[in-house]
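Chains as they are written, first to last, in this note's numbering: chain S, 1 to 308; chain Y, 1001 to 1282.
Okay, so here's the structure we're looking at.
The following block contains the structure:
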């Protein structure tokens, strides 16, 4: 690259500065609009939130510096504790989407007539807005007419009000969230399965591996890239859960289905008064939890970049 | 191929599999089918308590007609279109440029800028909420579609850059070197060499972004209010408040709101899946 550029500059010193430095300058020209936009709307606000979490501010008047008081308040806030626990439940249970997605992908990885349509229809829930998913599941759980209770009735079990029960509500919402998330993991694994090396399978068969052993020792290792992406999107999805909670229970009953992302929104923008600083402090905690995962994701990507 | 191809299994399992498939699908989509059923039932059916009976008559036209002519739904839909399309266009423009810069050129801070985009893309929305809302207020864009579009473009640029850059990395680099030797200027290389090759990536990304933005709810609630600028995801909640317990109308409304991304998915299925699964195979 440089060997071709050098002689040109030597024999043509009259060329413009831009021409001479074209290769060095061009990437910055191309990057400028995107980077500036991103800094302006995404990167700076992160730092502003950190800063804001040290203030007491109602969003209108003058912000008042209170140091770490917001964080101190968090440590004794029962609602915050509930939200944190619920976030943990989301994180762990949401990961079930990965094995579930793999299971469905294995079930559908065949070449019978119409299988393409089946695959698309199984993927369907992911395309639908979470708002609609939330509505659909709210009705599914409804104690008076919901399908869930109709089905429970068939086996002689009494009606349960999933969304009205403080101990069940979070699990109910997670189950609703698992529906589209499983579909997503399924499509990742279907693509992954397509690329599995047939020769290795044949070799495995000759060695007498089949069923579970084949799956565990030969298939799953080859699905590693798909598993990584499934893991990334599922973790992010779990920590971003907001839409479903907002539409299904609005945090209730008695705030028992709140998670950090929802509680933060409630504190900062609810009708009970705007507590921007306190909301920002909650967001910072959520961000720090996420940062742990982001660091891991970036580290994995970095390793991969270096391997190229 | 794993599991064992169905043709090579015993006849009994073949038959079981063939009958299991539609059954499994039915179970999987059951909640959705219920909503579809609700949306074509007349109001009288619900009053009588017959939630799960077959519709006493087909009231689809009536219900959907009311959604379209008797509510704010068309306005919300229009808002969604006016928010989603400019966002997609903006993202394509910005990220094909950033993707080009990060995919083709080697310079010191390349990987760090790339990681900034990736990391920013993973960030929880809530940490941006207060500052972005403030910024939008200061710009006088609160409760406008423009305010929402600008933020969406900026945020999605993170994901799109990741997408474009990885795609461009996989292009044959000698092509660009050959163009340079010919003395083609850098922006011409972008326009005439790289951009045409990026068409499949742009298509895949556009469908994905369309779906993400159409389905966005959080930012719609944070940055807009009211029927003049809110998209359909936020609109559906006020629609529901208006028709509380009118299950036939709520179902029809939900289906209308969910339809555009679904249509997009079925029309552009190949691109959609290619986009979603980028990186799922080596």
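The beta carbon of each residue, even a glycine, is placed where N, CA and C say it ideally should be.
Buried/exposed call for residue i, threshold 16 Cβ in 10 Å
{"i": "residue 974 of chain Y", "result": "Missing from the structure shown is residue 974 of chain Y; chain Y here goes from 1001 to 1282 and no further."}
{"i": "residue 1078 of chain Y", "result": "exposed"}
{"i": "residue 3 of chain S", "result": "Bear in mind that the predicted position of residue 3 of chain S carries a pLDDT of just 45, short of 50, making it too unreliable to give a figure here."}
{"i": "residue 10 of chain S", "result": "The pLDDT assigned to residue 10 of chain S is 49, lower than 50, so where the model puts this residue is not dependable; a value taken from the coordinates is nonetheless given after this. That one is exposed."}
{"i": "residue 1181 of chain Y", "result": "exposed"}
{"i": "residue 300 of chain S", "result": "exposed"}
{"i": "residue 27 of chain S", "result": "buried"}
{"i": "residue 955 of chain Y", "result": "There is no way to answer for residue 955 of chain Y, as the model of chain Y reaches only from 1001 to 1282."}
{"i": "residue 250 of chain S", "result": "exposed"}
{"i": "residue 304 of chain S", "result": "exposed"}
{"i": "residue 1234 of chain Y", "result": "buried"}
{"i": "residue 157 of chain S", "result": "exposed"}
{"i": "residue 1026 of chain Y", "result": "exposed"}
{"i": "residue 1275 of chain Y", "result": "buried"}
{"i": "residue 1015 of chain Y", "result": "exposed"}
{"i": "residue 263 of chain S", "result": "buried"}
{"i": "residue 8 of chain S", "result": "Here the model assigns residue 8 of chain S a pLDDT of 47, short of 50, so the residue's position is not dependable, and the following value carries that caveat. It counts as exposed."}
{"i": "residue 194 of chain S", "result": "exposed"}
{"i": "residue 111 of chain S", "result": "exposed"}
For residue i, the first and last residue of its enclosing alpha helix (DSSP H)
{"i": "residue 1101 of chain Y", "result": "1073-1104"}
{"i": "residue 123 of chain S", "result": "115-127"}
{"i": "residue 159 of chain S", "result": "Taken as a continuous stretch (DSSP letters only), residue 159 of chain S belongs to no alpha helix (DSSP H), as it is neither H nor E."}
{"i": "residue 267 of chain S", "result": "260-269"}
{"i": "residue 92 of chain S", "result": "78-94"}
{"i": "residue 1222 of chain Y", "result": "1218-1223"}
{"i": "residue 186 of chain S", "result": "169-194"}
{"i": "residue 1045 of chain Y", "result": "1043-1047"}
{"i": "residue 1054 of chain Y", "result": "Looking at the DSSP string, residue 1054 of chain Y is not in any alpha helix (DSSP H), and its letter there is neither H nor E."}
{"i": "residue 1019 of chain Y", "result": "1011-1028"}
{"i": "residue 133 of chain S", "result": "130-141"}
{"i": "residue 68 of chain S", "result": "Neither: residue 68 of chain S is in no alpha helix (DSSP H) and is coded neither H nor E."}
{"i": "residue 151 of chain S", "result": "147-154"}
{"i": "residue 243 of chain S", "result": "243-248"}
{"i": "residue 1063 of chain Y", "result": "1060-1069"}
{"i": "residue 1128 of chain Y", "result": "1126-1138"}
{"i": "residue 23 of chain S", "result": "22-38"}
{"i": "residue 63 of chain S", "result": "Unbroken run through residue 63 of chain S: none, as it is neither H nor E."}
{"i": "residue 290 of chain S", "result": "276-307"}
Does the structure place the region 98-115 of chain S close enough to the region 150-165 of chain S that three or more beta carbon pairs sit under 8 angstroms? With a cut-off of 8 angstroms, the region 98-115 of chain S and the region 150-165 of chain S do not count as touching, because too few Cβ pairs lie within range.
Output, in sequence order along the chain, the residues in the region 1127-1140 of chain Y whose CB is closer than 7 angstroms to any CB in chain S. If the cut-off is 7 angstroms between Cβ atoms, the region 1127-1140 of chain Y has 1127, 1128, 1129, 1130, 1131, 1132 near chain S.
Per the contact definition of three or more C-beta pairs closer than 8 angstroms, is the region 54-69 of chain S in contact with the region 257-277 of chain S? The region 257-277 of chain S vs the region 54-69 of chain S: in contact.
Near-chain Y residues of the region 127-147 of chain S (beta-carbon distance less than 8 angstroms), N- to C-terminal order: Listed in sequence order: 127, 128, 129, 130, 131, 132, 135, 136, 137, 139, 140, 145, 147.
Cβ-based contacts, 7 angstroms cut-off: residues of the region 227-245 of chain S near chain Y: The region 227-245 of chain S vs chain Y, Cβ under 7 angstroms: 229, 236, 239, 240, 242, 243.
Is there contact here, the region 166-184 of chain S with the region 123-130 of chain S, by at least three beta-carbon pairs under 8 angstroms? Here the region 166-184 of chain S lies against the region 123-130 of chain S, with 3 or more beta-carbon pairs under 8 angstroms apart.
Can you confirm whether the region 1030-1040 of chain Y touches the region 1246-1256 of chain Y when touching is taken to mean that 3 or more C-beta pairs between the two stretches lie within less than 8 angstroms? Yes, they touch.
Near-chain S residues of the region 1142-1173 of chain Y (beta-carbon distance less than 8 angstroms), N- to C-terminal order: Residues passing the 8 angstroms Cβ filter: 1150, 1151, 1153, 1154, 1155, 1157, 1158, 1161.
Contact between the region 1155-1166 of chain Y and the region 1119-1136 of chain Y: three or more CB pairs below 8 angstroms? Contact holds: three or more Cβ-Cβ distances are below 8 angstroms.
Check whether the region 1089-1104 of chain Y and the region 32-40 of chain S touch, using three or more Cβ-Cβ pairs below 8 angstroms as the test. The region 1089-1104 of chain Y is in contact with the region 32-40 of chain S.
For the region 1175-1189 of chain Y and the region 1136-1147 of chain Y, state whether three or more C-beta atom pairs, one from each stretch, are separated by less than 8 angstroms. Contact fails: fewer than three Cβ-Cβ distances are below 8 angstroms.
Mind checking the region 1204-1215 of chain Y against chain S and listing, in chain order, the residues whose C-beta falls within less than 8 angstroms of any C-beta there? Across the region 1204-1215 of chain Y, CB contacts with chain S closer than 8 angstroms involve 1211, 1214, 1215, in sequence order along the chain.
Along the region 95-112 of chain S, where does the CB come closer than 9 angstroms to a CB of chain Y? Name the residues. Look at the region 95-112 of chain S: the residues with a C-beta under 9 angstroms from a C-beta of chain Y are 104, 106, 107, 108, 109, 110, 111, 112.
Three-pair Cβ contact test at 8 angstroms for the region 71-81 of chain S versus the region 212-232 of chain S: Because the criterion of three Cβ pairs below 8 angstroms is not met, the region 71-81 of chain S and the region 212-232 of chain S do not touch.
With a floor of 4 residues, list each alpha helix (DSSP H) that falls wholly inside the region 1174-1241 of chain Y, ordered by position along the chain. Taking only runs of at least 4 residues, the alpha helix (DSSP H) segments lying wholly in the region 1174-1241 of chain Y are 1199-1214, 1218-1223.
So does the region 1102-1112 of chain Y actually touch the region 1226-1245 of chain Y, counting three or more Cβ pairs closer than 8 angstroms? The answer is no - the region 1226-1245 of chain Y does not touch the region 1102-1112 of chain Y, with fewer than three Cβ pairs under 8 angstroms.
Select from the region 264-289 of chain S all residues with a C-beta closer than 8 angstroms to any C-beta belonging to chain Y, and list them in chain order. For the region 264-289 of chain S, the beta-carbon criterion of a distance under 8 angstroms to any beta-carbon of chain Y is satisfied by 264, 265, 268, 269, 276, 279, 280, 282, 283, 284, 286, 287.
Cβ pair count under 8 angstroms reaching 3, the region 218-228 of chain S against the region 255-263 of chain S: As far as the Cβ criterion goes, the region 218-228 of chain S does not touch the region 255-263 of chain S, which means the pair count is below three.
Would you check if there are 3 or more beta carbon pairs closer than 8 angstroms linking the region 197-214 of chain S to the region 160-173 of chain S? Too few Cβ pairs lie closer than 8 angstroms, so no.
Return the residues of the region 1102-1125 of chain Y that lie within a Cβ-Cβ distance of less than 9 angstroms from chain S, sorted by chain order. Listed by position, the residues of the region 1102-1125 of chain Y near chain S (Cβ gap below 9 angstroms) are 1102, 1104, 1105, 1106, 1107, 1110, 1111, 1113, 1114, 1115, 1116, 1117, 1118, 1119, 1120, 1121, 1122, 1123, 1124, 1125.
Along the region 1077-1102 of chain Y, what residues have a CB closer than 7 angstroms to any CB found in chain S? Going along the region 1077-1102 of chain Y in chain order, one finds 1094, 1095, 1097, 1098, 1100, 1101 with a Cβ nearer than 7 angstroms to chain S.
Using a Cβ distance threshold of 8 angstroms, determine whether the region 186-196 of chain S contacts the region 102-113 of chain S, with at least three qualifying pairs required. Using a C-beta cut-off of 8 angstroms, the region 186-196 of chain S makes contact with the region 102-113 of chain S, since at least three inter-stretch Cβ pairs fall below that distance.
Between the region 18-32 of chain S and the region 232-247 of chain S, are three or more C-beta pairs nearer than 8 angstroms? A contact between stretches requires three or more CB pairs, one per stretch, nearer than 8 angstroms, and the region 18-32 of chain S fails this requirement with the region 232-247 of chain S.
At least 3 beta-carbon pairs within less than 8 angstroms: the region 1213-1231 of chain Y vs the region 1168-1178 of chain Y: No contact exists between the region 1213-1231 of chain Y and the region 1168-1178 of chain Y.
Please identify, using Cβ separations under 8 angstroms, the residues of the region 191-207 of chain S that lie next to chain Y, in order along the chain. Those would be 191, 192, 193, 194, 195, 196, 198, 201, in chain order.
Taking beta-carbon pairs under 9 angstroms, can you tell me which members of the region 1031-1058 of chain Y lie near chain S? Those residues of the region 1031-1058 of chain Y that come within reach of chain S (Cβ to Cβ, closer than 9 angstroms) are 1031, 1032, 1034, 1035, 1038, 1046, 1049, 1051, 1052.
Does the region 1208-1216 of chain Y touch the region 1256-1265 of chain Y, meaning 3 or more C-beta pairs lie closer than 8 angstroms? Contact holds: three or more Cβ-Cβ distances are below 8 angstroms.
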